[in-house]
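Since the structure comes first, as structure tokens, the remarks are kept for the end.
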Amino acid sequence: MTWSKNNLAHRRTFLTLRILNQTKKQFDAAATQEMSQLAFTVPGDSATMRRDKARSLASTMHNVFVDAFKTDLESGVTKTAAINSMVDVLVVETATVEQLADSADVSYEFLGEEL
Amino acid sequence: MISRSARVILALTAAAVGPVWGQDEDTPSALDILEDILLVSGTGVGEPNDVVRDRETIDTLRAALGSPETLNRVVDTFLTTDSGWQFLKDVNFEFMTFQADDIEQPGLGFSFDYQTQLKNHDLACETDGESCIRGLGLSFDMSGTFAFDKENNPQDLITAKLDFDYFQSTGGRARVDADRVLELEEAFVSASTPEEGEAAVLAIEGLVRPSLTKQFYYSVGGDVSFESNQQFTTKQTLYGVHLALDFKDWAGTSAWTTFNFLDYPFAALRALTGYDCVTRADGNRDCFQPSGTSWPTLLFRSSRVKPDDDDPRSLAGDSSEFTRMDFEASFRTPVARLADDELYITVNYRFYAENDPSPLVEAAELDQFEYYTVTIGGNRGMYLSYSDGKLPLAFADDQVVELGFRTHL
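Here the protein sequences come in this chain order: F and Y. The numbers in this note's numbering rise by one with no breaks, and the one at position 58 of the first sequence is 58. The numbers in this note's numbering rise by one with no breaks, and the one at position 21 of the second sequence is 1021.
Printed below as a string of structure tokens:
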């Protein structure tokens, strides 16, 4: 999906990453930023370490979506499934912020999305 | 007829994979073939000066084509969604160079790392009247590093692991007026200039970040894994349990941040570079700000190891099963801001120790292993990485210096 401020999943994933100090980029430049460039990534981390760090970050991303942006999970999607869906993107070093946002879009029903 | 650029790509790809196929010294290398292509098809056939110029071009190309950055760019051209090579992105495939301390020439190789969640299950969770996140997971991961010259692989450890774990995250909640956040979000959407948009983003950060509660995350689980060197001549199977701990003071206002002593040297660097100075109520500027999100993430594991006959311990005379304790710490903190980029330092440290090793294993110095990687760099531009130590199944210590340049964005 084209990176756009008008896409709720795109802009709220971006804003959440900014709130959590994972990126310093502005919106347009953030689309192609890779997971290896987010602040939780450390070169040399083992696979288990990276997955745990990704799950910790995804848990807080979930909380920010819910608390700050009044986001609900899509019907039939559990919290753990939504978090693990983001984890599956976060652990891929070359995956982009846009791909992370698209992954969140599948699991979350962002407020205003139905309009 | 194949175009010149296509021939260059073919030769380059062959250069990358040729050594894996066991190219011997008498066989012309792919770069030699490339040289012939350029000399024959170049503009300078018969003109000495132009031949010299082409020779210089070839020398330049030799250096450029052998670099992992060039190879990674070539690989990227194949990684479109409909190419059939998209899986290389999912396995984090990347060409890299190694400069081990006892090898004169840098060596070329590649790394890979694939992870996938096979199953997950949600569990109800509430602590101190506040909801938390709790679940079960089953995952598979496989990672490793190959050097085309096997003697030049300081990270000679390939692992494949099936992992079952239970995790819980408490805190990390935003205690904020969501309606106010949504108003600021509207200002961000309707901003007519990048500056206006950035001002709205900073306002949202300033509203939400201080409202975030402290987060504590842990996971416990069991795993079965297989470790090998890159030639699969030494192997071992492990059955283990592990514990991971992660803590974040997102708001950065509690005593947990004040007493993050590990971050003090880097906070001092940030103060020197004016990274995050704040003006206090009394008008004085405070530039020494330890980070509440720079606590190291810790991973502990205890494993029962069943070695193969050709592993280093067996060659030292002890082929018995043993128990191994592993520890890993991961740390990252910013140190300066350069234009719109951030300069940071990262450390990954691993320690492996055998419980109650035999005298033979101790004498061969195979009872403990230590390995660390320190990186300093920004998200764009130059970075410097230094690794030292030895991983299980490695026979010798290696120091590795990697100087790179990120070209993304």
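Built from N, CA and C at the ideal position, the CB exists for glycine as well. Quantities reported herein were computed from a predicted structural model and do not represent experimental measurements.
Helix, strand or coil at residue i according to DSSP, with G and I counted as helix
i, result
"Lys1390 of chain Y", "coil"
"Tyr1275 of chain Y", "coil"
"Val100 of chain F", "Residue identity differs from the one stated: residue 100 of chain F is Leu in this sequence, not Val. Leu100 of chain F: helix per DSSP, three-state reduction."
"Arg1337 of chain Y", "strand"
"Pro1290 of chain Y", "coil"
"Pro1265 of chain Y", "helix"
"Thr1253 of chain Y", "coil"
"Phe1095 of chain Y", "strand"
"Val1220 of chain Y", "strand"
"Phe1353 of chain Y", "Checking the sequence shown, residue 1353 of chain Y turns out to be Ala, not Phe. In the structure shown, Ala1353 of chain Y sits in a strand (DSSP, three-state: E or B)."
"Lys53 of chain F", "helix"
"Asp1246 of chain Y", "strand"
"Ser1314 of chain Y", "helix"
"Ser1192 of chain Y", "coil"
"Thr60 of chain F", "helix"
"Ala95 of chain F", "coil"
"Gln37 of chain F", "helix"
Any C-beta of chain Y under 8 Å from that of residue i
i, result
"Phe110 of chain F", "no"
"Arg11 of chain F", "yes"
"Val93 of chain F", "Before going on, a small fix: residue 93 of chain F reads as Glu here, not Val. Yes, Glu93 of chain F lies at the interface with chain Y (some Cβ there is under 8 Å from its Cβ)."
"Ala47 of chain F", "yes"
"Val42 of chain F", "yes"
"Asp102 of chain F", "no"
"Asp105 of chain F", "no"
"Ser75 of chain F", "no"
"Ser4 of chain F", "no"
"Asn7 of chain F", "no"
"Asp72 of chain F", "no"
"Val89 of chain F", "no"
"Val64 of chain F", "yes"
"Phe17 of chain F", "Note on residue identity: the sequence assigns Leu, not Phe, to residue 17 of chain F. Judged by the 8 Å Cβ criterion, Leu17 of chain F is not in contact with chain Y."
Residue(s) in a DSSP beta bridge with residue i
i, result
"Asn1120 of chain Y", "Y:Gly1137"
"Asn1284 of chain Y", "Looking at the DSSP assignment, Asn1284 of chain Y forms no beta bridge with any residue, so it has no partner."
"Leu1297 of chain Y", "The question names Leu, but residue 1297 of chain Y in the sequence shown is Thr. The partner list for Thr1297 of chain Y (beta bridge, DSSP) reads Y:Ser1330."
"Leu73 of chain F", "F:Tyr108"
"Val1241 of chain Y", "Y:Gly1222 and Y:Ser1302"
"Leu1108 of chain Y", "Y:Thr1097"
"Thr1323 of chain Y", "Y:Arg1304"
"Ile1204 of chain Y", "None; Ile1204 of chain Y has no bridge partner."
"Val42 of chain F", "Beta-bridge pairing links Val42 of chain F to no other residue."
"Ile83 of chain F", "Partner(s): none; Ile83 of chain F has no beta bridge."
"Glu1365 of chain Y", "DSSP, once it has assigned bridges, lists no residue as partnering Glu1365 of chain Y."
"Asn1348 of chain Y", "Y:Ser1330 and Y:Thr1373"
Proximal residues to residue i (C-beta, below 6 Å), its chain only, five neighbours per side dropped
i, result
"Phe1322 of chain Y", "Val1305 and Glu1354"
"Thr1293 of chain Y", "Lys1248"
"Ser75 of chain F", "none"
"Phe40 of chain F", "Lys53 and Leu57"
"Leu1138 of chain Y", "Leu1118, Lys1119 and Phe1164"
Residue i, buried or exposed, once every other Cβ within 10 Å from all chains shown has been counted against 16
i, result
"Arg50 of chain F", "buried"
"Thr1043 of chain Y", "No answer about Thr1043 of chain Y holds up, because its pLDDT of 45 lies below 50 and its placement is not dependable."
"Met1382 of chain Y", "exposed"
"Asp1282 of chain Y", "exposed"
"Leu1366 of chain Y", "buried"
"Val92 of chain F", "buried"
"Asp67 of chain F", "buried"
"Leu100 of chain F", "buried"
"Pro1484 of chain Y", "The requested residue 1484 of chain Y does not occur in the structure, where chain Y is confined to residues 1001 to 1409."
"Pro1359 of chain Y", "exposed"
"Pro1194 of chain Y", "exposed"
"Asp1113 of chain Y", "buried"
"His1121 of chain Y", "exposed"
Within-8 Å CB hit, residue i to chain F
i, result
"Tyr1217 of chain Y", "yes"
"Ile1158 of chain Y", "no"
"Glu1025 of chain Y", "Residue placement at Glu1025 of chain Y cannot be trusted, given a pLDDT of 46 that sits under 50; what the coordinates show is reported in the next sentence. So, not an interface residue."
"Leu1262 of chain Y", "no"
"Ala1203 of chain Y", "no"
"Trp1250 of chain Y", "yes"
"Gly1135 of chain Y", "yes"
"Pro1307 of chain Y", "no"
"Glu1299 of chain Y", "Contrary to the premise, residue 1299 of chain Y reads as Leu rather than Glu in this sequence. So, interface residue."
"Gly1109 of chain Y", "no"
"Thr1373 of chain Y", "yes"
Close beta carbons around residue i, own chain, < 7 Å, minus the five adjacent residues each side
i, result
"Asn7 of chain F", "Met1"
"Thr96 of chain F", "Ala31, Thr32, Gln33 and Glu34"
"Cys1125 of chain Y", "Ser1131, Cys1132, Ile1133, Arg1134 and Gln1168"
"Val1181 of chain Y", "Ile1204, Leu1207 and Val1208"
"Ala1316 of chain Y", "Leu1360, Val1361, Ala1364 and Leu1366"
Contacts around residue i, its chain only, beta-carbon distance under 8 Å, and the 5 residues preceding and following it disregarded
i, result
"Ser1211 of chain Y", "Ala1174, Arg1175, Val1176 and Ala1251"
"Ala1268 of chain Y", "Phe1288"
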